[in-house]
Amino acid sequence: MSRQTTTHTKRFVRSLLSALLCSASTLALSADFAERVASEQRSAEAGLGRDGLHLLSRKAGPGAEKMAAVLLERLRALPGGVHTSDRFKREVTDKHTSLVSDDGWVLQVYGDGTRVRYRNYGDQESADKQGLPLDERFSQKELEAMGRDFVAGYLQDLVSIGPNEALIPFFTEFEITGGGPADKSERMLPERVQSSTVVFSRTVDGLPVVGPGSKVAVTFANDGDPIGFDYDWAPYAETGEVQRILPLGEIRRRGARFSPFEAGERGVHELHFECGYVDFGARKRDPAALIQGGCMRHAVKKWIVDTKEHARDARSGHALKATLDFFPAGEKMRPDATWMQAMRPDPSAEKAPGSL
1457 MSRQTTTHTK RFVRSLLSAL LCSASTLALS ADFAERVASE QRSAEAGLGR
1507 DGLHLLSRKA GPGAEKMAAV LLERLRALPG GVHTSDRFKR EVTDKHTSLV
1557 SDDGWVLQVY GDGTRVRYRN YGDQESADKQ GLPLDERFSQ KELEAMGRDF
1607 VAGYLQDLVS IGPNEALIPF FTEFEITGGG PADKSERMLP ERVQSSTVVF
1657 SRTVDGLPVV GPGSKVAVTF ANDGDPIGFD YDWAPYAETG EVQRILPLGE
1707 IRRRGARFSP FEAGERGVHE LHFECGYVDF GARKRDPAAL IQGGCMRHAV
1757 KKWIVDTKEH ARDARSGHAL KATLDFFPAG EKMRPDATWM QAMRPDPSAE
1807 KAPGSL
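Those letters in the sequence shown? Residues 1457 to 1812, per the numbering used here, in order.
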């Protein structure tokens, strides 16, 4: 069982004129694995589905420079699309360490070393530009097996699976080229698959980790050769503390404090809703905060900006705004700077005029 959606991905164009004259584009065709579908169904019906969960702490990584050195050596001169060499330039900032090679590969390590991004643009650019027909793309089952083999062979202890944890398939995504010019009299270009990506997530005690953290993705060329990977994966440890969890209705009511969209607001459509442990990922997480319970909601709001155009064509004359919100699920919310910064003021807490 899978759900499929087609979404535009950002793509740099060399000429604004070419963008205006031709609508041929790169698309991403994505499909959720059955595990994610089942998790969202459970979340929509029962929230976390339990009264309490064990709070977790993160184990700090070795640092960006040290992890870059580890990966540089581990991937050195390997056959295939994922490899490193001695030919690179190093860039170090307070946020990341980047190794950029004139051979075409790029390795970026962020924060404490638990978030990594690798791309081999040389192999990607030299790949068959014709691509594959859509019906010849890798199946989800094939991509899951290929991805698991890559994680086990290349990342090993870097994407570690602790006691009571599991690596689960999350979704697949295919880079698609094709389309047609804005002039409808011109012929459409056939849609072709250029690359395929499989994304994995983590469960702890059967609960999914929602948010950008605890994710690993592997991208493959059409011949099955890996050409890139990403992971945001901090090891977890149990704290011995148990957090009491609110019922779903109370979690959603509390969520109004953490979303720019009002509850029941017209034009708002919920795309994803999943509950479990929340990990904001290396870019946004509060390093001092514990991993606690919550729900992630991905929603989009549509509003009409040109009524005449929208009446003529329902696909036009409107604007969209998407938001990714996280709702704390614990009866007692543990301190977390990321959630505090996202919280909207509580209108009921405002003082009446003239009050002290």
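Each residue gets a CB set at the ideal place from its N, CA and C atoms; glycine is no exception.
Only residues of its own chain outside the window of five on either side were considered, and among them Leu1531, Arg1532, Ala1533, Trp1561 and Asn1576 have a CB closer than 8 Å to the CB of His1539, listed in chain order. Straight-line measurement puts the Cα of Leu1780 at about 34 Å from the Cα of Leu1528.
Annotation: the continuous alpha helix (DSSP H) that includes Phe1606 extends over Gln1596 to Phe1606.
Judged by DSSP secondary structure, Trp1795 falls outside any beta strand (DSSP E) and instead within the alpha helix (DSSP H) spanning Ala1793 to Ala1798. Rounded to whole angstroms, the gap between the alpha carbons of Gly1732 and Ser1513 is 15 Å.
In this model, Glu1765 and Arg1771 are separated by some 9 Å (Cα to Cα). Secondary structure in the region 1734–1799: the beta strand (DSSP E) runs of 3 residues or longer, each lying completely within the stretch, are 1749–1760 and 1774–1784 in chain order.
Fewer than three beta-carbon pairs drawn from the region 1665–1676 and the region 1701–1714 are found closer than 8 Å, and the two stretches are therefore not classed as touching. DSSP places Ala1516 in the coil class of the three-state scheme, outside both helix and strand. Counting the other Cβ atoms within 10 Å of the Cβ of Met1752 gives 16 or more, which makes it buried.
With a threshold of 16 other beta carbon atoms within 10 Å, Leu1663 meets it and is buried. Excluding five sequence positions before and after Asp1681, the CB atoms of its chain that fall closer than 6 Å to its own CB belong to Gly1536 and Gly1537, given in chain order.
Rounded to the nearest whole angstrom, the C-alpha separation of Pro1518 and Phe1729 is 33 Å. As a beta-bridge residue in DSSP terms, Val1548 pairs with Thr1553. Excluding residues up to 5 positions away in sequence, Val1734, Asp1735, Phe1736, Gly1737, Met1752 and Phe1782 lie with their Cβ nearer than 8 Å to the Cβ of Gly1667 in the same chain. For Gln1497, the enclosing alpha helix (DSSP H) stretches over residues Ala1490 to Ala1502. In the assembly as shown, Glu1726 is an exposed residue. Its beta-carbon has fewer than 16 other beta-carbons within 10 Å. Out of Arg1643, Gly1567 and Gln1596, the CA that lies nearest to the CA of Phe1627 is found in Gln1596. Below 8 Å, enough C-beta pairs join the region 1616–1623 and the region 1653–1660 to call them touching: three or more. Annotation: Arg1790 to Ala1798 spans about 15 Å, alpha carbon to alpha carbon. In this chain, the beta strand (DSSP E) harbouring Arg1658 covers Leu1645 to Val1660. Taking C-beta atoms under 8 Å as the contact rule, Val1572 and Met1644 fail to qualify, at a distance of about 39 Å. The C-beta separation of Val1649 from Arg1593 comes to about 5 Å, placing the pair in contact by the 8 Å criterion.
With 16 or more other Cβ atoms inside 10 Å of its own Cβ, Trp1795 counts as buried.
Note: Phe1729 is bridge-paired with Arg1753 in the DSSP secondary-structure output. Under the three-state reduction of DSSP, Leu1702 is assigned to coil, being neither helix nor strand. Taking C-beta atoms under 8 Å as the contact rule, Arg1741 and Gly1669 qualify, at a distance of about 7 Å. Comparing C-alpha distances from Ala1775 to each of Gly1786, Arg1543, Thr1763 and Leu1599 shows the shortest one belongs to Thr1763. Apart from the 5 residues on each side of it in sequence, Gly1505 sits with its Cβ closer than 7 Å to the Cβ of Arg1498 in its chain, given in chain order.
With respect to Val1672, Leu1611 sits close: the two C-beta atoms are nearer than 9 Å. Annotation for Ser1554: Glu1547 and Gln1564 place their beta carbon closer than 6 Å to its own, counting only its chain and skipping 5 residues before and after. Taking the C-beta atoms as reference points, Leu1509 is found no nearer than 9 Å to Leu1746. Shown here, Ile1683 sits in a strand according to DSSP, grouped into three states.
Remark: C-beta atoms of Phe1717 and Ala1755 approach each other more closely than 9 Å. Arg1768 sits exposed, since fewer than 16 C-beta atoms from the chains shown fall within 10 Å of its C-beta. Beyond the five residues adjoining it in sequence on each side, Glu1621 comes within less than 7 Å, by CB distance, of Arg1658, Thr1659 and Val1660 in the same chain, given in chain order.
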